[in-house]
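Written out below as structure tokens is the structure these notes cover.
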Amino acid sequence: MAKDDKQKSLLERLGESQVWKSIIRSGVPRTRRQRMHAILGSVFLHLHPARLPKHAVKVGYTWCMGGLSFFLFVLLTITGILLMFYYRPTVEYAYTDIIDLTEQVPLGMMRELHRWAAHAMVLIVWLHMLRVFMTGSYKPPREFNWGVGVLLMTMTLFLSFTGYLLPWDQLAIWAVTVGTNMARAHPFIGHEGPGASLLAIGDINLVHMGSDVRFALLGGRFVGEATLLRFYVLHCIAVPFIMMIFLAIHFWRIRKDGGISGPL
């Protein structure tokens, strides 16, 4: 005899509701096939593997470094958006706005959360890469995803570099001065780097002091308001947007490669 509505559990009634079916497109999954169908049919779950091997859920194997890196990225995105409401990327206000965010806001919570989460993300991303390397998870067929991971690590470091200038204090200004001076020695795109002289049309050098990567980063020849604005746009919009695309590719590729790689 079929159960009446009073005898059915809350989960069963939820699974039979029109709201659930409009989102999940199926009832409450009870079999392996139904669970796989529910994952494949959900925009929130389709990047997740339908099945996970036992080693993938052992904390001692992955140490959750990939998940922690993504969690910190989400935390940085949320705190960064909140900070954008108050921070003004101008020479006149940048430093005083950071002081206000640190000293006037109770415990300087948003700024310190953002700052320490950024430090933690750099550390954990490095540890994640180390774990992947030590367990051989970069080997075929996962070498493409290893390359994507290296790009994500590079973007993480670049986010830290661009965010370093935003407080607009002496430490930040001189650190960015040193960093951008190093960029002018970059191969091909730095006017003092190897290969720059090869990029020329006749006697006209395409890469020179006024057109190389250092000039593009600074918005001029010296660190100034144009530099602050460029680093602000790179830090808050351009790099995070590109990073989200590569994160989606990274997660999708993990799923297509059969989930987390096994122990050596």
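Under this note's numbering, the letters of the sequence shown match residues 110 to 373, in that order. Even glycine gets a Cβ: it sits at the ideal position worked out from N, Cα and C. None of the values given here were measured: they were computed from a predicted structure.
- A residue is called buried when at least 16 other Cβ atoms come within 10 angstroms of its Cβ; D312 does not meet this threshold and is exposed.
- Annotation for M193: C345 place their beta carbon closer than 8 Å to its own, counting only its chain and skipping 5 residues before and after.
- Setting aside the 5 residues that flank it on each side, G169 has no residue in the same chain whose C-beta is closer than 7 Å to its C-beta.
- Linking A147 to G124 through their CA atoms gives a straight-line distance of about 12 Å.
- I298 sits in coil when the DSSP states are folded into three classes, being neither helix nor strand.
- Selection V257, L161, R323, I132 evaluated against H359 yields V257 as nearest (Cα-Cα).
- Contact annotation, F182 with M238: C-beta distance approximately 15 Å; criterion of less than 8 Å not satisfied.
- Here A335 has L327, G328, G329 as same chain residues with Cβ atoms under 8 Å from its own Cβ, once five neighbours each way along the sequence are excluded.
- Cβ neighbours of L177 within its own chain (closer than 6 Å, five residues either side excluded): I233.
- With contacts defined as CB atoms closer than 7 Å, L184 and A226 qualify as a contacting pair.
- DSSP places W129 in the uninterrupted alpha helix (DSSP H) bounded by 127-133.
- By the Cβ neighbour-count rule, L149 is exposed, with fewer than 16 other Cβ atoms within 10 Å of its own.
- Two segments are said to touch when three or more pairs of C-beta atoms, one from each, lie closer than 8 Å; by this definition the stretch 286-298 does not touch the stretch 210-224.
- In the three-state scheme derived from DSSP, where H, G and I count as helix and E and B as strand, A165 is classed as helix.
- Taking 7 Å as the cut-off, the Cβ atoms of F340 and T271 count as close.
- The secondary-structure analysis by DSSP pairs I310 across a beta bridge with I313.
- Between P198 and L338, the C-beta gap is smaller than 7 Å, which places the two residues in contact.
- Boundaries cannot be given for V137, as no alpha helix (DSSP H) includes it and DSSP labels it neither H nor E.
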